[in-house]
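Everything below concerns the one structure shown next.
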Amino acid sequence: MIVVTGASGQLGRLVMAELLKSVPASNLAAAVRNPEKVADLAGLGVVVRRADYNQPETLEAAFAGADRLLLISSSEVGSRAPQHANAIAAAQKAGVGLIAYTSLLHADASPLPLREEHLATERMLAESGMPHVLLRNGWYTENYAASIPAALMYGVVLGSAGEGRIASAARADYAAAAAAVLLSEGQAGRVYELAGDEAYSLSEFTAEVARQSGKAVAYRNLPEAQFEAALKGAGLPQGLATLLAESDRGASKGGLFDDSRTLSRLIGRPTTPLAEVVRAALAQ
Ligand SMILES: NC(=O)c1ccc[n+]([C@@H]2O[C@H](COP(=O)([O-])OP(=O)(O)OC[C@H]3O[C@@H](n4cnc5c(N)ncnc54)[C@H](OP(=O)(O)O)[C@@H]3O)[C@@H](O)[C@H]2O)c1
């Protein structure tokens, strides 16, 4: 039995789709806080269990019988360390055979403040003594693709990443990697630094959007505080604006770069090119 938390999320859904290609649905469980969100998976025969990281009592039962558990990091930034602690404790009680955790690229050395919760989780996993494998995911290319409608409307992409090179990959690439790890033997103790085959600066990303759309779009690099204020002015909540601005500062220092090609080796194909993600975003 393979249990996947966050299976109602964007990455989790892609992981389930990958696993369903080679595992009978009845051997897969979606551990989610809102079971109604995955009624489609239940319809395919996937076992659905309620699992809320904030409600430890739901977790042990949700993880029961799991040979392998994919712990997809929570989206509730700031609460993740205690939430993941609940999940790890429950996995231990349930006797889970192996935990795969979606961490952050170079979590042990990353200049991104986001690393703190991931590093705390990695330490908890180490201290638990449970067999585990770290999927240190880089940035999703979709993070930038989401800014394309505003970029076309205003003719500008704002950021604070300078000339930092970003080796992002599509969510589907990271999902394929998670599935590959869950489906193979000998994974305990491994640490995967996962990133895209190609890297680009935000200027190059902007140039690609301009090229494909045929519209004039320019990249404007701002000091971190100004970028954060601009994001807030555009209606983003303070916490998210801070997180994105801090992450751009980390990117400017190379925090989102990796050229090991571990991800493409793991999935047995090249990672999805930036041009393809931009094309898909423009087609929406
Ligand atoms: N590498 C990157 O660029 C990047 C970018 C963004 C996020 N991330 C991290 O990667 C994770 C997966 O990415 P994603 O795109 O799939 O994010 P997502 O679509 O926001 O999915 C987050 C998942 O976490 C679940 N979740 C949130 N709080 C929970 C709780 N208290 N108990 C149980 N489940 C909870 C959500 O459940 P509901 O469906 O019920 O909300 C959802 O299934 C994120 O959660 C975040 O930690 C990485």
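Count the sequence shown with the numbering used here and you get residues 1 to 284, in order.
Each residue gets a CB set at the ideal place from its N, CA and C atoms; glycine is no exception.
If you're wondering where the values come from, they're calculated on a predicted model, not measured in any experiment.
Distance cut-off 7 Å: residue i Cβ against heavy atoms of ligand 1
{"i": "Thr121", "result": "no"}
{"i": "Val32", "result": "yes"}
{"i": "Gln10", "result": "yes"}
{"i": "Glu76", "result": "yes"}
{"i": "Tyr140", "result": "yes"}
{"i": "Asp52", "result": "yes"}
{"i": "Ser203", "result": "no"}
{"i": "Ser147", "result": "no"}
{"i": "Ser26", "result": "no"}
{"i": "Gln212", "result": "no"}
{"i": "Glu215", "result": "Before going further, note that residue 215 is Lys rather than Glu in the sequence given. It does not: the Cβ of Lys215 is nowhere closer than 7 Å to a heavy atom of ligand 1."}
{"i": "Arg171", "result": "yes"}
{"i": "Gly239", "result": "no"}
{"i": "Asn143", "result": "yes"}
{"i": "Gly6", "result": "yes"}
{"i": "Ser73", "result": "yes"}
{"i": "Lys93", "result": "no"}
{"i": "Lys37", "result": "yes"}
{"i": "Asn137", "result": "yes"}
{"i": "Gln83", "result": "yes"}
Of the residues the options, the one placed nearest residue i, counting alpha carbons only
{"i": "Arg279", "options": "Thr141, Leu263, Asp258", "result": "Thr141"}
{"i": "Val77", "options": "Ala275, Ala281, Pro237, Ser264", "result": "Pro237"}
{"i": "Ser201", "options": "Arg249, Gln212, Gln187, Leu243", "result": "Arg249"}
{"i": "Arg68", "options": "Ser203, Tyr53, Gln92, Leu194", "result": "Gln92"}
{"i": "Ala169", "options": "Ala25, Asp258, Ala66", "result": "Asp258"}
{"i": "Arg220", "options": "Ser75, Val156, Ala66", "result": "Val156"}
{"i": "Arg79", "options": "Val277, Ser264, Asp52", "result": "Contrary to the premise, residue 79 reads as Ser rather than Arg in this sequence. That would be Asp52, whose Cα lies nearest to the Cα of Ser79."}
{"i": "Arg300", "options": "Ala150, Ala218, Leu125, Glu204", "result": "Residue numbering for the chain in the displayed model covers 1 to 284; residue 300 lies beyond these limits and cannot be assessed."}
{"i": "Pro24", "options": "Ser213, Leu44, Arg123, Lys253", "result": "Leu44"}
{"i": "Arg265", "options": "Leu152, Leu194, Ser110, Gly162", "result": "Leu194"}
{"i": "Glu208", "options": "Ser128, Leu41, Leu274, Ser75", "result": "Leu274"}
{"i": "Ala151", "options": "Ala107, Ala109, Leu231", "result": "Leu231"}
{"i": "Ser110", "options": "Gln284, Ile267, Gly268, Ser247", "result": "Ser247"}
{"i": "Thr206", "options": "Gln187, Ser26, Gln226, Ala161", "result": "Ala161"}
{"i": "Gly214", "options": "Gly235, Arg123, Met153, Pro35", "result": "Met153"}
{"i": "Pro122", "options": "Tyr192, Arg33, Arg269", "result": "The question names Pro, but residue 122 in the sequence shown is Glu. It is Tyr192 whose Cα lies nearest to the Cα of Glu122."}
{"i": "Thr75", "options": "Gly239, Ala218, Leu20", "result": "The identity of residue 75 in the sequence shown is Ser, whereas the question assumes Thr. Taking only the C-alpha atoms, the option nearest Ser75 is Gly239."}
{"i": "Glu116", "options": "Glu198, Leu243, Glu36", "result": "Leu243"}
Whole-number beta carbon distance between residue j and residue i, since they are thought to touch under 8 Å
{"i": "Tyr174", "j": "Asn137", "result": "5 Å"}
{"i": "Ala87", "j": "Leu71", "result": "5 Å"}
{"i": "Ser8", "j": "Val38", "result": "5 Å"}
{"i": "Gly196", "j": "Thr271", "result": "4 Å"}
{"i": "Arg171", "j": "Gln10", "result": "6 Å"}
{"i": "Ser96", "j": "Leu135", "result": "For the sequence presented, residue 96 should be read as Val rather than Ser. With a Cβ gap of about 16 Å, Val96 and Leu135 do not count as contacting."}
{"i": "Arg49", "j": "Ala29", "result": "6 Å"}
{"i": "Leu285", "j": "Leu112", "result": "A query on residue 285 cannot be resolved here, the shown segment of the chain reaching from 1 to 284 and no further."}
{"i": "Ala81", "j": "Ala120", "result": "4 Å"}
{"i": "Leu64", "j": "Ala94", "result": "Position check: residue 64 holds Ala in this sequence, whereas Leu was assumed. 5 Å between Cβ atoms; contact."}
Residue i vs residue j beta-carbon contact at 8 Å
{"i": "Leu114", "j": "Leu104", "result": "yes"}
{"i": "Ala251", "j": "Gly164", "result": "yes"}
{"i": "Leu59", "j": "Ala90", "result": "yes"}
{"i": "His132", "j": "Ser73", "result": "no"}
{"i": "Glu57", "j": "Ala176", "result": "no"}
{"i": "Leu256", "j": "Ile148", "result": "no"}
{"i": "Val3", "j": "Ala42", "result": "no"}
{"i": "Val15", "j": "Ala178", "result": "yes"}
{"i": "Ser22", "j": "Leu183", "result": "yes"}
{"i": "Glu228", "j": "Ala241", "result": "yes"}
{"i": "Met130", "j": "Ala66", "result": "no"}
{"i": "Leu282", "j": "Gln212", "result": "yes"}
heavy atom of ligand 3 below 7 Å from residue i C-beta
{"i": "Thr102", "result": "Questions concerning ligand 3 fall outside what the structure shown contains, since the ligands it does hold are ligand 1."}
Start-end ranges of the beta strand (DSSP E) lying completely within the stretch 114 to 177, minimum 3 residues: Every unbroken stretch of the beta strand (DSSP E) spanning 3 or more residues and falling wholly within the stretch 114 to 177 is given here in chain order: 132 to 137, 156 to 159.
Secondary structure, beta strand (DSSP E): runs of 3+ residues fully inside the stretch 201 to 245: Fully contained in the stretch 201 to 245 are the following beta strand (DSSP E) runs of length 3 or more, in chain order: 218 to 221.
Beta strand (DSSP E) runs wholly inside the stretch 56 to 80, at least 3 long, in chain order: Listed in chain order, the complete beta strand (DSSP E) runs (minimum 3 residues) inside the stretch 56 to 80 are 68 to 71.
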